[in-house]
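Scroll down for the structure; my scribbles are underneath it.
The structure is reproduced here in structure tokens:
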């Protein structure tokens, strides 16, 4: 069974706090990377939903990428919207 609420209840709020506090990108990558790894160990299955909310924040995007989670290209996202 997946853990869909992990993003809403844990990851997303922490990411927002780090961003709003002006925490540097390298620290964001480290802190969020640790959280990503812990949540994935617990069967987090909505990582992409969280990533999609933070595509304008390089530290968050890098944290996900280091754990093999990447956003589809802009062209792919636009095509998906049309379907």
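Numbering (our numbering), first residue to last: 1 to 83.
Beta carbons: idealized from backbone N, C-alpha and C, even for Gly.
For the stretch 15-68, the full-length alpha helix (DSSP H) segments reaching 4 residues or more read 25-41, 47-53 and 58-65 along the chain. Its Cα nearest to that of residue 18, the residue 63 stands out among 43, 63 and 69.
Judged by their CB atoms, residue 6 and residue 39 are nearer to each other than the 8 Å cut-off. Per the C-alpha coordinates, the member of 16, 11 and 42 positioned closest to residue 33 is 11. Under the three-state reduction of DSSP, residue 4 is assigned to coil, being neither helix nor strand.
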